[in-house]
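Asker: Using our numbering, read the sequence shown as starting at 60 and increasing by one per residue. Quick reminder that beta carbons are idealized off the backbone N, C-alpha and C, glycines included. Please read all numbers here as calculations on a predicted model, not as lab measurements.
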Amino acid sequence: MFRPTWQQVLGHGLYLGAMSAVASVTTGVIVALAWPGRSGPPGWVWLALIGGPLLLGAAAGMVAGRRTGVEVGAGGIRTSSVFEEGEAPWHRVVDLRAERRGRRNVVSVYLDTGASVQLHAPYSGGLFAADPQFELKVFTLSHLWRSHRFGGLPS
60 MFRPTWQQVL
70 GHGLYLGAMS
80 AVASVTTGVI
90 VALAWPGRSG
100 PPGWVWLALI
110 GGPLLLGAAA
120 GMVAGRRTGV
130 EVGAGGIRTS
140 SVFEEGEAPW
150 HRVVDLRAER
160 RGRRNVVSVY
170 LDTGASVQLH
180 APYSGGLFAA
190 DPQFELKVFT
200 LSHLWRSHRF
210 GGLPS
């Protein structure tokens, strides 16, 4: 089983929270411009507009991050996330490799149909997305795939 590291989950949660806070503050600025009087809304409203979405987004990101992962078994590779699930049986996998996609290194699985599937974990990137054991995890996945593809049991 491969899941995002706790740093990756925290980073994803903070990103979602920050985007939610930006949207909330933007809405607050629009409301403040239309607020009757010159003083605008009280100070606690701004704190709520920043803190509330930031905390809710961070919590949602952490819950979603812990539900995201890849399960490797005798039947193949099974991916799961909050929004989608998929399975790639070993007999359909023709290649498995690490690739650079955007600012991240990800694992891509190529199927005999010509389609490629980007796994939700493991991945590595900068700052919070870094995974110090990314290469080891890719090696483990590759070893399991080769063992099923060409015979023999993983040692």
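Ignore the nearest five residues each way along the sequence and tell me which others in Leu73's own chain have a CB closer than 6 Å to its CB.
Answerer: In the sequence shown, the residue the question calls residue 73 occupies position 14. The residues are Ala117.
Asker: Looking at Leu113 and Leu77, is the spacing between their C-beta atoms short of 9 Å?
Answerer: Taking the first residue of the sequence shown as 1, we reach residue 77 at position 18. Taking the first residue of the sequence shown as 1, we reach residue 113 at position 54. The displayed chain sequence assigns Ala, not Leu, to residue 77. Result yes, Cβ atoms of Ala77 and Leu113 sit closer than 9 Å.
Asker: Apply the 10 Å Cβ neighbour rule to Val122 and answer buried if 16 or more other Cβ atoms are within range, or exposed otherwise.
Answerer: For this step, residue 122 is matched to residue 63 along the sequence shown. It is exposed - the Cβ of Val122 has fewer than 16 other Cβ atoms within 10 Å.
Asker: What are the uninterrupted segments assigned as beta strand (DSSP E) that are 3 or more residues long and contained completely in the region 173-214, given in chain order?
Answerer: Segments of the beta strand (DSSP E) lying fully in the region 173-214: 175-183.
Asker: On a CA-only basis, which of Gly210, Arg205, Thr199, Phe209 is nearest Met60? Give me that one, please.
Answerer: Against the sequence shown, residue 60 aligns to sequence position 1. Of Gly210, Arg205, Thr199, Phe209, the residue nearest in Cα terms is Thr199.
Asker: Go through its chain and collect everything with a Cβ distance to Thr64's Cβ below 7 Å, but skip five positions before and after it.
Answerer: Here residue 64 corresponds to residue number 5 of the sequence shown, with the count starting at 1. For Thr64, where only same-chain residues beyond five positions count, the Cβ hits under 7 Å are Asp190.
Asker: Taking only runs of the alpha helix (DSSP H) that begin and end inside the region 86-142, which ones reach a length of at least 4 residues, in chain order?
Answerer: List check, alpha helix (DSSP H) in window: 102-126.
Asker: What does a CB cutoff of less than 6 Å around His207 pick up in its chain, not counting 5 residues either side in sequence?
Answerer: For the purposes of this step, residue 207 is taken as residue 148 along the sequence shown, with counting starting at 1. Cβ within range, chain order: Trp149.
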